[in-house]
Structure formats: structure tokens, C-alpha cells
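Student: Protein chains in written order, with the numbering used here: chain A, 1342 to 2216; chain B, 1342 to 2216.
Please find one structure pasted underneath; my questions will follow.
2 protein chains.
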Amino acid sequence: MTKFVYLFNEGSKDMRSLLGGKGANLAEMTNIGLPVPFGFTVTTEACNKYYEDGGALSDDIVEEIFKNMKELERISGKTFGSTEDPLLVSVRSGAVFSMPGMMDTILNLGLNDDAVKGLAKLTDNERFAYDSYRRFIQMFGDVVMEIPKTKFDKIFDGKKEAKGVQYDVELDTKDLQEIIADYKVLVKEEMGREFPQDPKDQLMEAVKAVFRSWNNDRAILYRKLNDIPGDLGTAVNVQSMVFGNMGDTSGTGVAFTRDAADGTNALFGEFLVNAQGEDVVAGVRTPQPIAEMKEAFPEVYQQFVKIADLLEKHYKDMQDMEFTVERNKLYMLQTRNGKRTATAAVKIAVDMVDEGLIDKKTAVSRIEPAQIDQLLHPMFDKAELEAATPVTTGLPASPGAAAGKIYFNAADASAAAEDGSKAVLVRLETSPEDLAGMVAAEGILTARGGKTSHAAVVARGMGKCCVSGAQAIKVDEDAKTLTIGDTVLKEGDYISLDGSTGNVYTGEIKTVPPTLSGDFGTIMEWADEIRKLDVRTNADNPRDARQAVEFGAQGIGLCRTEHMFFDEERIPYIRRMIMSDSEEERREALANLLPFQKADFKGIYEVMEDRPVTIRLLDPPLHEFVPHTEEEMKQVSDQFNIPMEKLEKKAEELAEFNPMLGHRGCRLAVTYPEIAEMQTEAILMAAIELKKEKNMDITPEIMVPLVGHVNELKDVKATIENTAKKVFEKEGITLDYKVGTMIEIPRAALTADQIAEEAEFFSFGTNDLTQMTFGFSRDDTGKIIEEYRDKNIFAEDPFQTLDQTGVGKLVEYAVEKGKAARPNIKLGICGEHGGDPKTVEYCSNIGLNYVSCSPFRVPIARLAAAQAVVKAEQK
Amino acid sequence: MTKFVYLFNEGSKDMRSLLGGKGANLAEMTNIGLPVPFGFTVTTEACNKYYEDGGALSDDIVEEIFKNMKELERISGKTFGSTEDPLLVSVRSGAVFSMPGMMDTILNLGLNDDAVKGLAKLTDNERFAYDSYRRFIQMFGDVVMEIPKTKFDKIFDGKKEAKGVQYDVELDTKDLQEIIADYKVLVKEEMGREFPQDPKDQLMEAVKAVFRSWNNDRAILYRKLNDIPGDLGTAVNVQSMVFGNMGDTSGTGVAFTRDAADGTNALFGEFLVNAQGEDVVAGVRTPQPIAEMKEAFPEVYQQFVKIADLLEKHYKDMQDMEFTVERNKLYMLQTRNGKRTATAAVKIAVDMVDEGLIDKKTAVSRIEPAQIDQLLHPMFDKAELEAATPVTTGLPASPGAAAGKIYFNAADASAAAEDGSKAVLVRLETSPEDLAGMVAAEGILTARGGKTSHAAVVARGMGKCCVSGAQAIKVDEDAKTLTIGDTVLKEGDYISLDGSTGNVYTGEIKTVPPTLSGDFGTIMEWADEIRKLDVRTNADNPRDARQAVEFGAQGIGLCRTEHMFFDEERIPYIRRMIMSDSEEERREALANLLPFQKADFKGIYEVMEDRPVTIRLLDPPLHEFVPHTEEEMKQVSDQFNIPMEKLEKKAEELAEFNPMLGHRGCRLAVTYPEIAEMQTEAILMAAIELKKEKNMDITPEIMVPLVGHVNELKDVKATIENTAKKVFEKEGITLDYKVGTMIEIPRAALTADQIAEEAEFFSFGTNDLTQMTFGFSRDDTGKIIEEYRDKNIFAEDPFQTLDQTGVGKLVEYAVEKGKAARPNIKLGICGEHGGDPKTVEYCSNIGLNYVSCSPFRVPIARLAAAQAVVKAEQK
């Protein structure tokens, strides 16, 4: 029979997938002798069984839970449901991958109208007992019964207002009792039944609620954003309560062994006296820095420092810990590898190598490739920043710079971002409901909450600039105003945030791109030592090429020539060309485009120097260039003296039902060879001129797109070769050049052996290959894919991460057949997948020579390529 | 070194691919001792080398040709280029597959101004010598120099007119000399040079012209129509001349060992006294039936009958022979397996089995599957035919019935057919230039030419009705009038032709579909005994289903449910459904569609009885049903009270860039499960009602389209199963049903093992699979594919014949993986390829269980499936 429940002393940190991260680490801490309140974990398998059983807890699971509750009673000496010495428990979710703020927690479970009296008597602390009970009803009502949290807040805040106090701690026992009475009325109204008094019912409902919460919207969104499969399930941790809210000798806190924002090697965190766990994270009061605990609880502090150090050495990684102090006694409630900014991740990794804690390969593996995106994104322009004066300063919660228009709720921020505005989300404090708005915003500003508040943790995870706990600002979310001193900002006004200093500025400060240096440079150097895969870039102009080279690109894997045609000066000629009736007219228009293209290629070659440059011949359906507006039509009509009717007829002719599968790619070069001739001439002449002018040796790689049949490639290759022959004869210079092809049509992959006979290189165009292998048009199926991910039909978006099961089969087949036919064939990938870390790992594993990605993803790909090697060695 | 030239005694009938059909059979006849004028064959490899060398004859080929000319001189005792006893030769093309009328022939080569005199003296027949010379200049001028034939005709006809004679034989030597003089002036004018006098030059130019003609437009068109690869090349046969134009003891003819129109076992053919080969085929004079040769040349006739019999027994097939009689001596110029109508093919095959000449398997293999299409196409309605009186009768040149508007040239007929009219092509006589018009026309009527004329031969090959040699009609091609007695018909007037009787009717006679019986029925029975593959049909309604069952369909492989929605009564509801905002509205609209669908399925089940019926769930992009016109919009707006603006907005929302890759297929069922629910209910309820009403046991096969990921199938299957459960519970009846899927997305093929876990059957949707594997939209790439075929990039249209190299790899992979995962999985194909004989063979070879095709292709598929087995056994 499957074992669905593990006591903490039965588990270990290696049982994450079964016990979830939290459960595994609670077990580990228990086993290495740390002070952990005892408890047990209901496994992720139980969660999956719950879903298989249509949302029901089977008898065997229920039985096992209560069997283990007995054990908990035995160890604690308390009795679950007792009115005298009640065993109270917390019920917490714990997924395999940490999902902060996504899943739900219930504390103080086991209390009821009678037990609260027993607890008061036993602890001799009435206020504590009723505070615990009101918290329990509130959390249970919110999480299990799904009564809107705001309804509880309204009662609670109403009481504070009536009493004229600011903080919860200022309420007395009577206030709390009245609040409890109101809460119970609310529950009755909302649910049509009383608040459950039987602790066993409470526990079963709570466990089911945790399981249910695995599939709440926030959890699904978080998983989607973080590519976490939807079928892992969550574990549930049931643990004896310890209380941080038992007065001034009690408290609760969270801490990191190093600074999660910048990586400084020092204990970092916050605590609140007389509070329960959620208070710190939710930011209801602004907490004290951890260092101040030294004075408040000197012995506890010393013990905590030791434990923190021990945990970091044990896990060989920076730890994020939760603890509670109950009447001067320390309890560890959680430890996990801490989330951190990219800056911190890089510094911590390099420091830990210096400290001898980890080796270079481990260090390189410690950086989340997607995260270093943060380091590559804009900072404030120095000059503008120096000229600006901050209007206030909050906590530097997540580094980076952001400037944009302010919006006061998630929906407005999302809408503004969709309309193309840069949005800054301004909130009193954020909660998981704000997630979509945080994703859409450039940066986040909150009035309340510390550096471990929801806003701060989530923003850091996203690599998004965040200033939290800016106490000097007043946020009126209803009136949509932000008041800083005398300044009143309204929705749509500009603001600028510096997440690294916490400074807030009115107006818009210019941002500039960052550079690779310091610890980051060190990590990238180590990555380059380790990786086997080359990293090239997709670039269509010298500016992008230069940026990519700065980021370490080793060549251009994809230079799209069609982007060059959209320039105002040029587009009339391409329009002229596609509107032509005869080859002669087309040639005339092409002759006008030749100098532009040649100049483009020269510019790119000059930047890339001796690095390889792969240039793709014209690819998109011609009708993309068709003039769409009356005005554009008229311009072409006037400039080239073509009657409007003729243009309109031609535009109609060029229209296609499925342009993605139409007259594009090499089909253009086959049917209009003169286009390929012009492009070949431009590609070669640019190289010849640089040879003559600067004695540069360029070896252009000419790439034929959308080949599905070897004969297409043969045909276009003949055009290229004939053109090259003519150019070389005319110029009296012969250059080396290569001709290769995209593998982006399934048939090309399936006949890669034939194609490799003609192609010196393959570049996998995984965008189109994915479209055709799935039969999914990227332009049309965004919504469907979203729905598919919600329904767990797709674990990942196949346009972001290469589908290894299906599309990968074609890629691997083509690699095998291509190498068999031409052992020295160059193999690369130039779809957008080239910058996706998982795909980079895959490309490294199947033996490609390079990946090519957008300039800003080059460092990510370099890192991912190194991690691929490390991971492969560990297998 | 490659041998490029073979003397006739060096070859055999098994060397077709090297020597071409004509060359191989000339060699064979030479070797079995028949009277064949000696000669040699320049190989197809020489032709391919000619093209490789950019259209030049290499020195080694030239040298080898003249070496063999020496041998010809030695054997004939004549000298090439001699002015006294000149060796004259014919130069004829000879491709691997017979291409009648497509390639070009030159006779009497070796003549010049001096040699003609020698020939006259030697033969003591001046008229003959000059007739031969004028023919030579005319053919050489036309074929080699590409001077329009009409210019020669004009001179020749002008002379006849001036002399007041009707036939060429009525011209005397002087007339012919004058014609020759005029011809030479014409050549000088057109070419700017004299007619070549050196026989060696003549020979080289002629050989090159034959090679060149391999790629003339007519040859390309013919190959395209007949799926003959463009890279085979043609051989050239150079043969000592014998002369049928040496007076009344000479003649020329063509004959078949059996009647090529109806298969009667009797010598059948035509001959012309005092004529050269081309005269019979071109129909310049109406020839005499072969039987009349018995009187004209009694001894020669006896010898010819013996040879014909010998050849048929030697080749074990009906022979098509050309012969010449020179001064009472018989020479065989060609034999080949004769083309025949489907009716003749069937009768000959069955007769030859009865005669013990061939076995059943050979008989079945003798019928061209595509050809039997003819037997399945309309004949005249008996009642209407009996009521009609023919206005004239021509030769029954190619059977079948045709009715349509008359057009007088190929271009007009093609244009009319493109506009959707039925066209009948009426010509004095046809020539290869008319090919496109013949393809477009329903039938062909000519005033001149026999049953072996160009019109007759080509029409029979196409399975097209043809009445030739209708001497009583007058055709004025310029005035575009057809006069029959007093009746004058103009372009666009209706006419009806009976190709089986030769009768011509004015007006339009109704046509009816044919049935399978007699010899055809016998052949189909034999085919059914032999084949392993089942043949199902694609049918969406009882009428098609009934037709298919009559043609031997063993089930329905594809019932498309969307076609059922386009009915006037129904389309408003489907429009209502797709315009809905909510599931509820959709369900309401679907509830209205349910009774229609149920009735459809009941009707089909009743026809199919116990044969399996596979029903595909809704497949096409929803926006196909979107109202397009203002009027349609308004109708929906009024009927369902939806504001126009809302409809317009919705229509816009539904528009897709690439609908082929958009929201369609199972994606509809995943996102709108209520559609699949309604369809499942209709499918099952129809079966349940038939069980209750007629105790019929139907096992519906529900097919989920466009699956790319196993989870899509799982999702839709759950919807189907849940619906089935509900229906069965409600009705108190449980039925067997199957759930399977189309394999039409490349990814489905690549993950067939996973999909087979869920699918009880696979049906390969090779239309979509081809589109996506090639990245070719069928709607957009027609022109490109045509150009690809012209350029030999594609040997075949992949939408007609399955691409075994690429798409086939996916099919084979899916078959292998599908069977591994589910050994008893049913495998079929339901794309349009299912009726293509080559594809049927392929499907049989890779072990599919069935093919499914349109009703009219069912007999073709049955035959092709049998041939596949025979062919596989021969390997």
C-alpha cells in the first residue's frame, strides 16, 4: 500500500518530489537536530490521488492522517480537540518547487469556542488565545471557505477605527472577542452554516483546501510564468503550533543567510515582536531588521546565527529561513535555498567559490539563466540620475531601474501595458491578486511592507525593479492618487524608481543598457571555459551586431534580409518589384535595392570582423510588402507611374489564404531567381569591397530558407553559384563562401540526408518547424495555447521552449542524417528557442555546434550552455 | 567508356530504359527474325548527357553515331551522302514510356538537291524521289528549324488549289519540284540560311532536335498529365528508310492485334496506299480498313497477319504495330503494347485469361487503374438517347458519352471549361497543339482522321469520348461554325457525342452513371480475391454512401460532419453558435442542430448496414461558417436578435491569418466541448434509434481530427465518453463504439506511440499531413507546384500522389509506433491520396488495413490494391 503520510523524522531533503520542498527541509532540519516543532507531511501523491478521485480524500489517506495525529499528540502531550490543553496545528502547502505567496496556509487549527477558553487558561494569556482564534477564523474563512478577505478586513479595520488605534497589537481581548463574534456572523451569512467547531472537520477541510489551492488561478499563473508542470501536486505539512504572538517575549521572522538583493555575505532579514508568521510576509506592520533582534532576544539571536551558518554550510547555498520565538524559545519553521536577484546570485556564487564552499561548475550552475536578464536590462542614465533629486526613498527591494506612468491597480496597469504604455504599479501593499499587474509593469512601488514582503519577493523573482515600504508616500487606491509631501500624482503621471537604492523620482529618467563586468564577468568567463556550444546572435543591423558582440556573441547565426527592406527609402522599390509583371521590371527595381543591401552587409561585416555571418535570403510572403493603405498605393502609383487599378489587382493576386504556407522562402528564389541573384551579389560585393578597402577576409554564409525538397536547394544554389561566378569574374577576386539551409519544414528534417548533400550547414528554424510540426500558426493560436496550458494539455508553450518530444524528434533525426551524409556539416539553431535555457541545454546535448539568439539573450545562452555541460556530467 | 549507340541486333525488349520503348522493340523484332529495316538507337543516356552539357552533343557521341552509320552503309550497300545510291534514314524519338504525338519524327533524311536526282534515277521514279524530298524539307523545316508548319501547308495547299486537285497523290513531279523550290525559299527567308545540303549536318541537327523535343511544351504537358518523370530522356532511332510512297505497290499502315476501342479479338487497323508513315496518323487522307489490304496486297497481308499473331503471343499482350510496304515487300517499323480504352483493356484481359495466354493476376495487372475511371463515368440516359436522332455519324474513336457547348479551338474550349461550362472541342483534325483543349473538353469531334488519328489515340488515352472522321460535317474554324446538312451550329451551341457508336446529336442529352458488370465485374472479382487492403469510401450523405457501396466500398472511412452544416435550414444555427458569447448560448444553438445531425447519421447507417462508419467530429476553422455578405449577416441578426455591430466584431475576432493552422479540428472540441458533446449524442442516438426501430447493430467509429498532442485526444475522448455514459443511461441501451484519431499533424505521427495508447484507430489525413510536412497550403501553392513540376523540382504533385520520401516517412513511423503501442490498432488513410493507385500500392505495402476514397474511385482503389499484391509478389 502506498504510504501517504511521513512524520518529519521519516523524511530527508532528498525527498522533495514526494514531500514538497518545505516538508523535505523540515524533515532534514529535524534529523540534524534543529529545534523544529514536530509534525508530518501528507505527500504530493496524496494530492494527485485527490484529483484522480475527483476532488475527494480517500479513506486510506484520512485514516493515515489521523494515525499520525495520534503520534503528534503523543509527542506533544497535548490532545487534538481538547478543551483544556488543545493540540493546535498549522496546515501549510509545500510544493516541489517553491511557489511564494501562491499557496495557502492556515495557522492555529484546532481552536473552537471551547478550546480557546482552555488555551487562555492554560497560557494564562486571554488576549493571545483570542488573537489566535480570530486569526484562525480569518484564515480559514478566507482560504478554506473562500469568503473574500476584504470582508474580514472590513470588520477588523472597522474595530481599529472605532477604537482609534493604528496597529493590531493595540486591540484588547474584548475587541478581539467582538471581532470573533462578527467573523462568525459573517461566516454564517456567507456560507449558510456555522464556523466548524470540530477540529477533525477543520483539519480535513484545510487539507482539501491546500490540495484545491494547487489549481487556483494564482498558482496556475505562477506555474505558467515559471514553467512548472501542472501535474506535480503539492504536499501538505501539518505541524504543532508554536506562537509568536504570546506577548513581548515572542515574535516571528524571516531571514536570509546573505543579502538577497546584492549578495552581501551577512545575515539579513526582519522580525516582528508579538506576531504570527504571516504578519511579516504580508507587510501589515513594518518589521525590524534582524540585527535588532540581538537586543530584543540576545540568546535567541546567538542561537539563530549559529543555526543559519550551519544550514548554509549544510545546504552549500544561501538559505531563506522562517522562525518563531515563543516565550524566548527559538523554533525553526522553514529553510530553503533563498530566492535572490541576479546580482546577488552572481555575487554569492563567486564568493562561495572564493570561500571554498563550492567549485566553479557549481557556481555557474547556481545562476538561473533566465534571471540574468535582469543584469542586462536598463539602468538609469548616470547624468540624468545625478541631476535628479529623489522625492522620497523606500526600501531597495529589487534592483534595476524603471520609469513609467503610474497605475493604482493590476487591471489598469495591465491595460496600459497592453496599449503600449510603460506602467509603474503603485500599491499600498501587494498581494497575490496583483500578480498580473506586476508582470505587466516596469516596476512596483509600495507604501508598506519590507524587503521580504510579497511585492519584494515576487519582483525579485521576476527581475523587476521594486521599491517597497516607502512610508512617506500616501496611496489612495480608490481616488487613484499618490501623495508625496505636497506633490499629488495622478494616474498616468510619470515616476521613476531605482530598485537598487530605493529612491523614487517624479518624472521620467532616461535608462541605459548595462554592461558585463565584475562578478558577472567572472561567471561568464567560467561559463565560457565550460561550455561546448558556440553562441551566435540574430542581428539584422550593425547596432544589434555590436551589442551582441559586447555580450559575447561569436558570430551571426541569422541575419534576416527582409527587415532591411522596410526602410522608408527602400520600401518603394521592393513594392515596385513585387508589383512587376515582368522579370525585366523586377530586375530594374532590384537594381535600385542592391546598393542598400550591400551597404547593410558591409556595416555588419565590419562589426563582426572575423566572426562568421550567416545571411538568410528573402523569406516572408511577398504580400507582406504590399502597400496596404490608399496612401501607400498612391505613392507607388505616382513614383513608378503604375495605374492604381493595376496595383489593386496585383495586391489581390498576391493575397493568400495561409501566407505562412504560401509563396515565401526559397519558393521566391525559385520562381523569381533575380531576387536571389541581387541578394547574392550584395552579400559578395560587400565582402569584396572590404577585402579591397581594408583587406578584411569575410567568408559569408548564404542561407536558403524554407527548403522542403533538396531540388529547391539545388535550384537556388545554382542561382547563387552562377551569380558568384559572374561577380568574381567581374571583380577579379574570388572569395570563399558557404551555402546552407534552414531546416524549418518538417520535410526538410525528414530528408536531411539528401539536403545535406547540397548544404554546408543546417540552421534549425525552430519557429516555423514548431508551427508546422504542431500545425499551429503563432499568429492565431496564442489564446488556444494559453487555454491548453491552463488545461494541462501543454506543459510548456512550444514556441518558448522547444518541444523535445515531437519537434525534437525531427531535429534529432536531421542531425543524425545530416552528419551521416556530411560529417563536417555545421549545425545550429536560430529560432527564438535559441535563447531559451532549456532548449540551449537540449541543443548542447544533441551535439549542435551553435545556438543563435537575440543579442540580449546571448549571455543567457552562454550560461545555459555551460550548465548543460555540468548537468550532462552529473548524469 | 559509356556506350551511347546500339545497333538493333545489340538490343532487346528488356532494355527499354536505355533504348526507349521503340528502340527496344525494334531490337527485339530484329532478333526474332522479323523484317525490320536495319538501324541503331542513340540511348537515353546520350540525351541526358546532351542536357548536362548544356544542349550540346559531345564528340564521343557524334563519333559513335557515325561509326554506326558506317555499319548501316555496309549492311544496306548504300552510302550516306551519295548522289547515286544514297542511304536515307528516318530519325525518330523513342522515350521509355510511349508518348504518342508528343515527340517528333523526320523521314527521308540524307536527301539533298543532288541525291534526289540519284534517287529518281535509281528507282526510276522521279515523282517518288521528289515527293520524298518535299516531305523531308517540310518535316525538317517544321521539327528541326521550327518554322511554323502552316507556312509549309500554305505552299502545299496553294499548289493543290492552283491545280484544282484534292489529294497530295494527284500532284505530279513538276508540281512537287515547284513546291520544293518554294519550300527552300521559305527556309531561306525564315532562317536566313539555305536548307542544309550536307547529310551529316542534317543528321546531327535532327538528333539534337529530337533531344530538344523531350522538353517541348507538349511533351512536358503530356508527362505532367501522365506522371512521367522529366529526367528519363528520350532515345533516338536512326533507321534505313523504306518507302511506302513508291506507287501503288507500296503503302503504309498501323494496326492493333485486337480492337483498341472495345477489345474484340480481331486484327484492327488502317492503311494507305502510296503514302509515308505520318500520313495515316495525321489523318491527311481517310485510310482504308486493314481488312481491305487482303485484296490490295494479298501475300503481304497473309504475312502481316502471321507476324501480328506471333508478336501478340511473344509479348503476351495486344500489339500496336506500324508497317510499310515497299513495292510489295513488308517491313515492320514498330511494335508496342497497344493503348486501349478501359472497356477494351478489361475485355482483352478477361479474354486472354480464357485463351490461356495469361493468368488472373496478370489480367488484373493489365488494367491501368486510373483508366477505369472511364467505365465509371456517365453514359447517355437510355430514354433520352432513344428519343434522339443522330444528325450524323463519325467513327466511334473513344467510348463514353459527352454533351456540351461547342468550341472551335483549344484556347476557347479551355476558357469555357475554366468558366465552368461543359465544352466539346470541334476540329477539322487535331494536332498536339490541341492537347490542352482536349484535356479541358468533355468530348472531341473531328471531321477528318481515322480511329488511329491523333484525336482518337489521345482521347482514348484520356478516357475521353471522341468521334473522329465525321466526313459529313463541315468545320469552319475561323468562322467558328459547324455545318451538318442544313443545320449550322455556332460556338456555344449544344451538341452530344456518343463515342461508342460515333453518333452525333444536336442539343444536350442527359447522361447517367454506369454500373459494374460483365468483364469489368469479373476483373473486379479477381481483384477482390487478390487484394489484402480493404477499400472504404469518403461519404457525407446516404446518396454518396449508396453509390460507394454499389462500387464495392466496404465501409465509410471518413464522414465529414461539417458538410452537413451548410444546408440552408441549418447554417443559421451554426452561425448562431459561433457568434455566441457564452457556453449557454452555444448549447442552445447546438440543441437546434442535434436533430439534423442525428437524421444524417441514421440515413448513412441505414445504407451502410453492418459496414463500419467512421465519423469525424467538426474540423474546419469556425470562421468558415461566418456570414460573409451583408445579407447573411442581417439574416442572423434578425433571426436571433443580435445587433449587427456585435456580429461584425465577432466576425473580425474569428478571422485568422493562417486558418489552416488555426482554431480548428480538435482544438474546437477542446475549447468548446459542447460541440463534441452534441455530435457524440447525435452519432450515438442515431445508432440507438436504429437498434430500437430495426434491431440494427451499428458500431460507430468516432474520429477526433487534428490531434497533435496525446493530451488533446485524452481531453476530447473524456468528453465523448462522458456524453456516451449519459446517453446510454438515459436510453437504457449500451452500444459498442470506437474512438480514434486522424494522423494529419506531423507531431501526431512523431508521437504515434503515445497517441495509440488512447486511439483505437488511426486514419492518416494525408491532405493536411502533406500540407504541413511540406509547408504548402493547397489553397495558395497551386501555381508554385505547377512551376516546380515544370522545373523538375517535384516529379509528382504531392497532393495527388503521396510523397513517400518525406510524408511517407512520417506515415511509416506512425504505423510502426502505433502498432507497437497497440498491436490490434486499425490503420487507414482517408486523404484524397486514398484513391491514387500509386498511393494505394504504397498503403498496401506498408501494411495499412484500408484506404478510403471518393465513391467513384472505389473500383480504382480495389484494382490498385490487387495490383499492389501482384507487384509485391514479383519482387
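Backbone N, C-alpha and C define an ideal beta-carbon position, used for all residues, glycine too.
Could you name the residues of the same chain whose beta carbon sits closer than 7 Å to that of Arg2203(B), not counting the 5 residues immediately before and after it, in chain order?
Tutor: Met1865, Ala1868, Asp1869, Arg1872, Val1876 and Gly1893
Student: Out of Val1403(B), Tyr1392(B) and Gly1380(B), which one is the CA nearest neighbour of Lys1344(B)?
Tutor: Val1403(B)
Student: With a CB to CB cut of under 6 Å and the five nearest residues on each side skipped, what residues in its chain are close to Met1486(A)?
Tutor: Met1532
Student: Let me know the secondary structure DSSP gives Ala1436(B) once reduced to three states.
Tutor: strand
Student: Glu1849(A) and Ala1744(A): beta carbons closer than 7 Å?
Tutor: yes
Student: Between the Cα of Asn2108(A) and the Cα atoms of Glu2128(A), Met2001(A), Ala2093(A) and Ala2136(A), which residue gives the shortest distance?
Tutor: Distance check between Asn2108(A) and each of Glu2128(A), Met2001(A), Ala2093(A) and Ala2136(A) places Met2001(A) closest, using alpha-carbon atoms only.
Student: Quick one: is Gly1617(A) buried, meaning 16 or more other Cβ sit within 10 Å of its Cβ, or exposed?
Tutor: Looking at the sequence itself, residue 1617(A) is Gln, so the reference to Gly does not match. Answer is buried; the Cβ neighbour count reaches 16.
Student: Considering only residues of the same chain and omitting the five flanking positions on each side of Asn1366(B), which have a CB-CB separation below 7 Å?
Tutor: Lys1354, Gln1675, Thr1676 and Arg1677
Student: Taking the beta carbon of Asn2165(A) as the centre, do at least 16 other beta carbons fall within 10 Å, making it buried, or is it exposed?
Tutor: Asn2165(A) comes out exposed.
Student: Look up Gly2081(A) in the DSSP assignment and say whether it is helix, strand or coil.
Tutor: strand
Student: Give the secondary structure of Ser1923(B) by DSSP, where H, G and I count as helix, E and B as strand, and everything else as coil.
Tutor: coil
Student: Taking Ala1764(A) as part of the beta strand (DSSP E), name the residues at either end of that continuous run.
Tutor: Ala1764 to Arg1768
Student: Establish whether the CB of Ala1554(B) and some CB of chain A are separated by less than 7 Å.
Tutor: Correcting the residue type first, residue 1554(B) is Ser in the shown sequence and not Ala. Ser1554(B) does not count as touching chain A.
Student: Tell me Glu1696(B)'s beta-bridge partners as DSSP assigns them.
Tutor: None, per the DSSP bridge assignment.
Student: Hey, is Ala1957(A)'s beta-carbon within less than 7 Å of any beta-carbon in chain B?
Tutor: Looking at the sequence provided, one finds Arg at residue 1957(A) rather than Ala. Not one chain B Cβ lies under 7 Å of Arg1957(A).
Student: If we ignore side chains and look at the alpha-carbon of each, how far apart do Lys1390(A) and Gly1571(A) end up?
Tutor: 14 Å
Student: Along the segment 2110–2128 of chain A, where does the CB come closer than 7 Å to a CB of chain B? Name the residues.
Tutor: Gln2112, Met2113, Thr2114, Phe2115, Gly2116, Phe2117, Ser2118, Asp2120, Asp2121, Thr2122, Ile2125 and Glu2128
Student: Beta carbons nearer than 8 Å to chain B: which residues of the segment 2127–2155 of chain A have them?
Tutor: Glu2128, Tyr2129, Lys2132, Asn2133, Ile2134, Phe2135, Asp2144, Thr2146, Gly2147, Val2148, Lys2150 and Leu2151
Student: In whole angstroms, give me the CA-to-CA distance for Phe1749(A) and Arg1768(A).
Tutor: 6 Å
Student: Considering just the uninterrupted stretch of the beta strand (DSSP E) at Thr1627(B), what are its terminal residues?
Tutor: From DSSP, Thr1627(B) is part of no beta strand (DSSP E); its letter is neither H nor E.
Student: Give the range of the beta strand (DSSP E) segment to which Gln1543(A) is assigned.
Tutor: No beta strand (DSSP E) contains Gln1543(A), which is instead part of the alpha helix (DSSP H) from Pro1540 to Ser1554.
Student: Kindly say whether Thr2012(A), judged by its beta-carbon, lies nearer than 7 Å to any beta-carbon of chain B.
Tutor: yes
Student: So, is the C-beta of Met2001(B) closer than 7 Å to a C-beta in chain A?
Tutor: yes
Student: In chain order, what residues of the same chain have a beta carbon less than 6 Å from the beta carbon of Phe2069(B), not counting five sequence neighbours either side?
Tutor: Thr2075
Student: In three-state terms, what does DSSP make of Ile2134(B)?
Tutor: Reduced to three states, the DSSP call for Ile2134(B) is coil.
Student: Can you tell me whether Gln1643(B) is buried or exposed? The criterion is at least 16 other CB atoms within 10 Å of its CB, across all chains shown.
Tutor: exposed
Student: Return the chain-ordered list of same chain residues with a C-beta closer than 7 Å to the C-beta of Gln1479(A), the five sequence neighbours on each side being excluded.
Tutor: Contacts found: Phe1493 and Tyr1524.
Student: Taking all protein chains shown into account, do 16 or more other C-beta atoms lie within 10 angstroms of the C-beta of Arg1468(B), making it buried, or fewer, making it exposed?
Tutor: buried
Student: Report the neighbours of Pro2087(B) on chain A: residues whose CB is nearer than 7 Å to its CB, in chain order.
Tutor: Pro2087, Met2113 and Thr2114
Student: Can you tell me the Cα-Cα spacing of Thr2126(B) and Glu2030(B), whole angstroms?
Tutor: The sequence as given places Ile at residue 2126(B); Thr does not occur at that position. Computed Cα separation, rounded: 48 Å.
Student: Of all the alpha helix (DSSP H) runs that stay within the bounds of the segment 1558–1636 of chain A, which reach a length of 4 or more residues?
Tutor: 1558–1567 and 1619–1623
Student: Which chain A residues sit within Cβ distance under 8 Å of Glu1770(B)?
Tutor: Within chain A, not a single residue places a beta-carbon under 8 Å from that of Glu1770(B); the smallest gap is close to 36 Å.
Student: So, are the CB atoms of Gly2176(B) and Cys2194(B) less than 7 Å apart?
Tutor: yes
Student: With respect to the beta strand (DSSP E) encompassing Ile1825(A), which residues constitute its N-terminal and C-terminal limits?
Tutor: Thr1822 to Ile1825
Student: Taking any Cβ of chain B, which residues in the segment 2047–2058 of chain A have a Cβ under 7 Å from it, in chain order?
Tutor: For the segment 2047–2058 of chain A, the beta-carbon criterion of a distance under 7 Å to any beta-carbon of chain B is satisfied by Leu2047, Gly2049, His2050, Asn2052, Glu2053 and Asp2056.
Student: Pairs of beta-carbons, one from the segment 1367–1380 of chain A and one from the segment 1663–1675 of chain A, closer than 8 Å: are there three or more?
Tutor: Below 8 Å, enough C-beta pairs join the segment 1367–1380 of chain A and the segment 1663–1675 of chain A to call them touching: three or more.
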